[in-house]
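Take the position in the sequence shown, starting the count at 1, then add 356; the result is the number in this note's numbering.
Backbone N, C-alpha and C define an ideal beta-carbon position, used for all residues, glycine too.
Have a look at the structure below before the remarks.
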Amino acid sequence: MQIEYTRLYEQVITIFKKKIEMGEYALNDKLPSERVLIKELGISRGTLRDALRILESQGIIETIPGGGRILRRQIENISSTEKNFLSAYKKSKVFELIEAREIVELGIIDIICKNDTVPQLIALKENLILMSQKKIEYDFHLSLAKITGNTALITFMEFNIDLIDEVREHSFSKKNQSTEVHEEHLEILDDLIKKNCTHAKKSMQLHFENIKYRIEK
357 MQIEYTRLYE QVITIFKKKI EMGEYALNDK LPSERVLIKE LGISRGTLRD
407 ALRILESQGI IETIPGGGRI LRRQIENISS TEKNFLSAYK KSKVFELIEA
457 REIVELGIID IICKNDTVPQ LIALKENLIL MSQKKIEYDF HLSLAKITGN
507 TALITFMEFN IDLIDEVREH SFSKKNQSTE VHEEHLEILD DLIKKNCTHA
557 KKSMQLHFEN IKYRIEK
């Protein structure tokens, strides 16, 4: 049973619930190994562990040292408390990504400033003006990574597309917020085109601070 790659750990929780309802897992049963579950669900080890940590925090499963994971209670409809937990957990993951991205993208600015990238930056600005609002956040930051020509940086941005979408979902909750994000991107680009790298870094840092603020609102 393969699953789609959006909000994966929540989908894993749903799949476990269905398996329990169908009698595939009974109370006090030992769950299959991580290797088996990863292969069965078609997900990464990190995604599986995220889901299992949430299930364990809710008392649904228990990890026995040397004995694997045991089903301790059935998964009922997620209560409002559990929904709040999921929301808080998701937000914490988003903030971790923002911190990592800030470190990486300040380095991206350094690389861009060291090379002749003005034509590419001008082209990006022109595309940005025409781009649909909901694609702006991901495409802008991925495009900056591509301008460096560094495959590791590009892969980092592509690999984190799911959580970047989470950032976009929180940051663009209101129309005026997407406009603010768009303006912040243009300011960063203008700084880079002018080779004002110090100010570009400050603009990028402010952009990430604003993203955090929008998520908290």
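Collapsing the DSSP output to three states places Arg-425 in a strand. Nearest to Leu-364 by alpha-carbon distance, out of Lys-386, Ile-410, Leu-387, is Ile-410. In this structure the segment 563 to 572 lies against the segment 453 to 461, because at least three pairs of beta carbons, one per stretch, are closer than 8 Å. Shown here for Ile-544: same chain residues with a beta carbon closer than 7 Å to its own, the five before and five after excluded, namely Ala-556, Ser-559, Met-560, His-563 in chain order. In the DSSP assignment, Glu-418 falls within the unbroken beta strand (DSSP E) covering 417 to 420.
The criterion of a C-beta distance shorter than 8 Å is not satisfied by Leu-542 and Leu-477.
Residue Lys-481 holds the alpha-carbon nearest to the alpha-carbon of Asp-495 among Asn-552, Gly-415, Lys-481. In the assembly as shown, Ser-400 is an exposed residue. Its beta-carbon has fewer than 16 other beta-carbons within 10 Å.
Separation of His-538 and Phe-512 (C-alpha to C-alpha, rounded to the nearest whole angstrom) is 22 Å.
Of the candidates Asp-472, Asn-471, Ile-426, Ile-459, Ile-459 places its Cα closest to the Cα of His-497. Taking all protein chains in view, the Cβ of Val-368 is crowded by 16 or more other Cβ atoms within 10 Å, so the residue is classified as buried.
Residue state for Lys-386 is assigned as strand, using DSSP reduced to three classes. The residues Ile-503, in chain order, have a CB closer than 6 Å to that of Thr-473 in the same chain once the five nearest residues on each side in sequence are set aside. Per DSSP, Lys-551 lies in no alpha helix (DSSP H) and is assigned neither H nor E. Close CB contacts of Gly-424 within its chain, under the 6 Å cut and outside five residues either way in sequence, are with Lys-386 (chain order).
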